[in-house]
Amino acid sequence: MMKRTLLFLCLSSALPLRAQTVERDSMFLGLHRKDVATYGTIAWSLAAVSLEFQWWWREDYIYKQHEFRIRSDGYFNNSSYGVDKLGHAYASYLIFHLTYDFMKWANFDEHTAVWSAIAVPATHAVAIELGDGFAKWAFNAPDLLFNTGGLVYGLLQVKYPYLNNFNYKWSYYPSAGGGTKDPDWGPASDYSGHIYWISMDVHNLLPEQAQPYWPKELNLAVGMGAKNVSFADTGEKKRTFAVALDWNTQAILPDGDTWQIFKNLINKVHLPAPGVRFTTGEPAVVKGLLLN
Numbered sequence: 000m001m002k003r004t005l006l007f008l009c010l011s012s013a014l015p016l017r018a019q020t021v022e023r024d025s026m027f028l029g030l031h032r033k034d035v036a037t038y039g040t041i042a043w044s045l046a047a048v049s050l051e052f053q054w055w056w057r058e059d060y061i062y063k064q065h066e067f068r069i070r071s072d073g074y075f076n077n078s079s080y081g082v083d084k085l086g087h088a089y090a091s092y093l094i095f096h097l098t099y100d101f102m103k104w105a106n107f108d109e110h111t112a113v114w115s116a117i118a119v120p121a122t123h124a125v126a127i128e129l130g131d132g133f134a135k136w137a138f139n140a141p142d143l144l145f146n147t148g149g150l151v152y153g154l155l156q157v158k159y160p161y162l163n164n165f166n167y168k169w170s171y172y173p174s175a176g177g178g179t180k181d182p183d184w185g186p187a188s189d190y191s192g193h194i195y196w197i198s199m200d201v202h203n204l205l206p207e208q209a210q211p212y213w214p215k216e217l218n219l220a221v222g223m224g225a226k227n228v229s230f231a232d233t234g235e236k237k238r239t240f241a242v243a244l245d246w247n248t249q250a251i252l253p254d255g256d257t258w259q260i261f262k263n264l265i266n267k268v269h270l271p272a273p274g275v276r277f278t279t280g281e282p283a284v285v286k287g288l289l290l291n
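Numbering follows numbering that gives the first Met the number 0, in which position 97 of the sequence shown is assigned residue number 96; successive positions increment by one, without gaps.
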């Protein structure tokens with residue numbers, strides 16, 4: 000029953016794509032772009048749920064049985080000090096923008112592109128929580144709330160372009176443990192190695208007369224993470240904050256057609272750059288290439 004529910008959710012997320020009359024006006028490698036986008040989105044959704052089943056749910060569904068359960072692990076005072084919540088927001092934010100860019104590349108109209116970009120991450124987030132509800136994790140309302148927040152911010156950036164001066168980014172460098180002892184998929188829950196950033200386009204935010212004094216290729220970012228919050232970490236849990244330069248790959252990389260999707264995707268990742276990390280109760284650490 001649960002698998003059928005997840006399958007239905009994945010397929011229903013693609014309905015907005017087929018709701019629009021397909022105009023056979025644009026090809027990619029001999030295929031109609033709208034078909035590539037539609038069936039590619041369905042395939043990605045099914046593949047994602049299949050991988051998540053293998054990573055997180057397989058043993059629960061095959062070897063154990065759980066009634067559907069609901070719980071709340073808190074927000075920023077949980078076992079990961081909220082880093083997992085920032086990850087939920089980032090996942091939906093990333094999927095929203097990736098879907099929107101994919102739909103625009105396929106020449107779907109704005110209405111269809113926006114609603115598809117809403118439906119795909121929303122369906123994915125709900126499917127994850129339903130899957131968790133029947134597993135050892137349990138349905139977690141705060142997780143879904145942060146997923147919604149990430150999706151909404153992506154939507155606001157599309158509706159109000161000024162907000163594109165403040166982009167949500169992620170960086171990862173394996174922590175000392177690297178999540179290797181995690182029985183589930185380690186990197187995803189190696190929260191000690193994650194930092195989530197708000198990157199500000201300083202050049203674009205400055206008054207026009209001041210813009211020549213700040214390179215458009217360089218942003219300024221503030222980030223948040225935590226220490227000793229990965230699986231099997233034994234040290235004292237501490238919050239971390241960071242301030243760093245951030246590469247504006249939108250200004251650095253060339254424009255393109257299909258390439259534009261990947262260019263926009265790259266700009267959702269904080270690449271290594273000089274920065275300062277602040278950890279509760281510890282001296283500030285200056286790094287030439289800060290990732291975590």
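A virtual CB, placed ideally from N, CA and C, is assigned to each residue, including glycine.
Where residue i falls: helix, strand or coil (DSSP)
i, result
"residue 273", "strand"
"residue 148", "helix"
"residue 138", "strand"
"residue 285", "strand"
"residue 42", "helix"
"residue 52", "helix"
"residue 122", "helix"
"residue 30", "strand"
"residue 233", "coil"
"residue 37", "helix"
"residue 278", "strand"
"residue 206", "coil"
"residue 256", "coil"
"residue 78", "coil"
"residue 110", "helix"
"residue 100", "helix"
"residue 159", "coil"
"residue 189", "coil"
Inter-residue Cα distance where the pair is residue i and residue j
i, j, result
"residue 46", "residue 90", "16 Å"
"residue 32", "residue 104", "8 Å"
"residue 199", "residue 155", "16 Å"
"residue 161", "residue 237", "34 Å"
"residue 43", "residue 114", "17 Å"
"residue 70", "residue 275", "36 Å"
"residue 34", "residue 107", "11 Å"
"residue 102", "residue 117", "12 Å"
"residue 235", "residue 152", "33 Å"
"residue 246", "residue 193", "18 Å"
"residue 257", "residue 280", "47 Å"
"residue 212", "residue 203", "11 Å"
"residue 251", "residue 283", "30 Å"
"residue 99", "residue 158", "12 Å"
"residue 129", "residue 143", "10 Å"
"residue 150", "residue 288", "29 Å"
"residue 145", "residue 78", "16 Å"
"residue 220", "residue 196", "6 Å"
"residue 174", "residue 52", "25 Å"
"residue 41", "residue 48", "11 Å"
"residue 189", "residue 248", "26 Å"
"residue 120", "residue 140", "16 Å"
Buried or exposed (CB count within 10 angstroms, at least 16 for buried), residue i
i, result
"residue 36", "buried"
"residue 254", "exposed"
"residue 291", "buried"
"residue 201", "buried"
"residue 95", "buried"
"residue 285", "exposed"
"residue 123", "buried"
"residue 206", "exposed"
"residue 97", "buried"
"residue 93", "buried"
Strand pairing of residue i, partner residues [DSSP]
i, result
"residue 199", "165 and 219"
"residue 246", "217"
"residue 238", "225"
"residue 194", "170 and 224"
"residue 251", "BP columns for residue 251 are empty, so no partner."
"residue 70", "139"
"residue 268", "169"
Cβ-heavy atom distance, residue i to the ligand GDP, below 7 Å
i, result
"residue 194", "The ligand GDP is not part of this structure, which contains no ligands at all."
Stretch-stretch touch, CB-based, cutoff 8 Å, three pairs: the segment 167 to 177 with the segment 261 to 271: Because the criterion of three Cβ pairs below 8 Å is met, the segment 167 to 177 and the segment 261 to 271 touch.
contact_flag[the segment 207 to 225, the segment 69 to 89] where n(CB pairs < 8 Å) is 3 or more: Contact holds between the segment 207 to 225 and the segment 69 to 89, because three or more Cβ pairs, one in each stretch, are under 8 Å apart.
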